[in-house]
Structure formats: C-alpha cells, structure tokens
Ligand code: ZN
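Numbering (our numbering), first residue to last: 19 to 296.
Encoded structure:
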C-alpha cells in the first residue's frame, strides 16, 4: 500500500468539494497554490468558465485531470427521453476529452417520474451506456460507472452496488470502467470481493470523503476524511491491492460545513487528512 504521508503526488480535488467558494478559475488557482496536483471538474462549473478557457487554465497550472463529473441521467425521461439524454452525454464526452479527462463519471439516473419500474430503469441504463460507448471509445474517454448508495436509487442512480457495476462492465466490454466512491460503497459486505473482481483495468477513479454517523442531509452532508466512520485505509488497501495506482480524489458535498469555510482552509484540511487518515 502506498505511503501518502510524504507528499501530495496522488491527491486530486473534485471541484464539488469547494463549489460554493469561487469560480472554477479561482478553484484551479487555489488547488495549484495548495500544492495539489490533481483536479476533477464538475460540468456546470466548467461550462460557466467556458470549456476552452477551463482547459487552458488547467494546463497553465500544470494540473492533471482525474475525471469529469458527470454524465449519465439516462432514465429521467423514460425510454422516450433516451435520445436526448444520449445527445447530452455525447457533448459531455467531448468536454471531457477537451480538458484531458481520462474518464467521464456516470451518475446513471434513477426512476423516471411516476415510475416504479426499477428493473426497467436498470435495463435502460444498460442500453444508454451501450449506445454512448462508440462515441466515448472514439474520444478516448472511459465511461466510469459510479455506483451510488441505495438511498439514491429513486432519484439519482439505480446502479447501487459495485457488483452491479461489474456486471455492466462484463456486459459492455472495453471503454467502460468504474468510479469507486467510498461514500457510496463502504457499507457493502461484498465490497472487497467486488474490488478484486473489478481489478486494475476497471477502477478508473477512487473518490474519498467520510460518512458522518448522524447524517443531516442525504445529498450534501458528506464528511471530511477522518470525521466519520469509514475505514479509509482498509478500502484503499483493497483498491491498491487490486492494482489501482491512480489518484485519491476528494469529493465532499457539504452544505452545512465545508462549503461554508474559506477555500484555502478546505484545501489545507484535505491535504492534512489525506496524509494522515487515508
Ligand atoms: Zn463520487
């Protein structure tokens, strides 16, 4: 297992972590000033900046892009809405390629409005990924399926376990991978086995934060590493044991705490916790 305590070589910041603290340009500047080498931008922040300008700023600051958040949402309009979702996803793939992102993180979508058809939503996700795949392969961008915690099955993602994501990878072949986020997967009794099954080739992003035992908001009360109950070294050992040697990407949606603190303080804390508790 890698020693993270000496330097920030494998640290990346997902820009959602500091989304309330500034524009993408300010966030890029802050990340570079904090001596952090990696960044993973969110789509709304990049679009507000302009894709070409964002790409230029990231390059000018010497940052490595570890992912682009996010594509997916195949199911919101039901089967009839899939074509529009695919068009939007192709644009997201192009934006990911423009900033040099190795993968587009896929939050696949939950149930369509008024629907109770969870198996149907899951098969629509598989169809959507299959239809998007040729465009992603041509662009050299891996579609990184991110299993989300089951509490989001209705409204965000009906892929909820690493096992499901592995099954999709088995079915779809090259060009599809997995974004493994400890927040969504830490509870899974099958986690270690499924990490080993995914292996080095499939795990294309590793997202870290913490699970606060008394969560106050289902979406945006994620904890700083070390403030919650996730055994981060245990999961990282499994991921690295499977061969993963990429970045640890800090992704903390925290409207009640970290989004209220100054940019530099949040980034300094990310560095300190990454070095000591991850
Ligand atoms: Zn994530």
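For glycine and all other residues, C-beta sits at the position ideal for the given N, C-alpha and C.
Should residue i and residue j be called a contact, given that it needs their Cβ atoms to be closer than 9 Å?
i, j, result
"residue 266", "residue 252", "no"
"residue 77", "residue 128", "no"
"residue 186", "residue 143", "yes"
"residue 170", "residue 236", "yes"
"residue 36", "residue 92", "no"
"residue 222", "residue 189", "no"
"residue 63", "residue 81", "no"
"residue 54", "residue 288", "yes"
"residue 176", "residue 136", "yes"
"residue 119", "residue 68", "no"
"residue 293", "residue 22", "yes"
"residue 79", "residue 50", "yes"
"residue 286", "residue 52", "yes"
How should residue i be labelled, buried or exposed, when 16 other C-beta atoms within 10 angstroms of its C-beta is the threshold for buried?
i, result
"residue 280", "exposed"
"residue 56", "buried"
"residue 165", "buried"
"residue 139", "buried"
"residue 269", "buried"
"residue 242", "buried"
"residue 44", "exposed"
"residue 133", "exposed"
"residue 274", "exposed"
"residue 27", "exposed"
"residue 261", "exposed"
"residue 113", "buried"
"residue 131", "exposed"
"residue 70", "exposed"
"residue 191", "exposed"
"residue 207", "exposed"
"residue 61", "buried"
"residue 232", "exposed"
"residue 291", "buried"
"residue 282", "exposed"
"residue 73", "buried"
"residue 220", "buried"
"residue 66", "exposed"
For residue i, which residues in the same chain have their Cβ closer than 7 Å to its Cβ, ignoring the five residues on either side in sequence?
i, result
"residue 24", "none"
"residue 204", "229, 248, 253"
"residue 245", "228, 230"
"residue 102", "95"
"residue 295", "243, 244, 250"
"residue 97", "142"
"residue 75", "43, 46"
Could you pull out every residue in the same chain whose Cβ sits closer than 8 Å to the Cβ of residue i, ignoring the five residues on either side in sequence?
i, result
"residue 115", "157, 158, 159"
"residue 193", "151, 154, 155, 160, 161"
"residue 256", "209, 210, 213, 214"
"residue 124", "88, 89, 90, 147, 161, 162, 163, 164, 197"
"residue 149", "100, 104"
Looking at the ligand NAD, does it come within less than 8 Å of residue i, judged from the CB to the closest heavy atom?
i, result
"residue 23", "Although the ligand NAD was asked about, the structure shown includes only the ligand ZN as ligands."
By Cβ distance below 6 Å, which residues in the same chain neighbour residue i in space, the five residues on each side in sequence not counted?
i, result
"residue 200", "226, 248, 253"
"residue 19", "255, 258"
"residue 276", "270, 284"
"residue 216", "184, 196"
"residue 167", "202"
Counting by C-beta, which residues lie closer than 5 Å to a heavy atom of the ligand ZN, in chain order? Qualifying residues come out as 199, 225, 269.
Which ranges would you report for the beta strand (DSSP E) in the stretch 88–123 if only whole runs of at least 3 residues count? Taking only runs of at least 3 residues, no beta strand (DSSP E) segment lies wholly in the stretch 88–123.
Unbroken stretches of the beta strand (DSSP E), 3 residues or longer, contained in the stretch 37–93: Whole beta strand (DSSP E) segments, 3+ residues: 56–58, 86–90.
Quick one: which unbroken alpha helix (DSSP H) runs of 4-plus residues sit fully inside the stretch 191–275? Chain order, please. Qualifying alpha helix (DSSP H) stretches, in chain order: 200–203, 209–220, 250–259.
Where in the stretch 115–182 do unbroken runs of the alpha helix (DSSP H), each at least 4 residues long, occur, reported from the N-terminal end onward? Fully contained in the stretch 115–182 are the following alpha helix (DSSP H) runs of length 4 or more, in chain order: 136–157.
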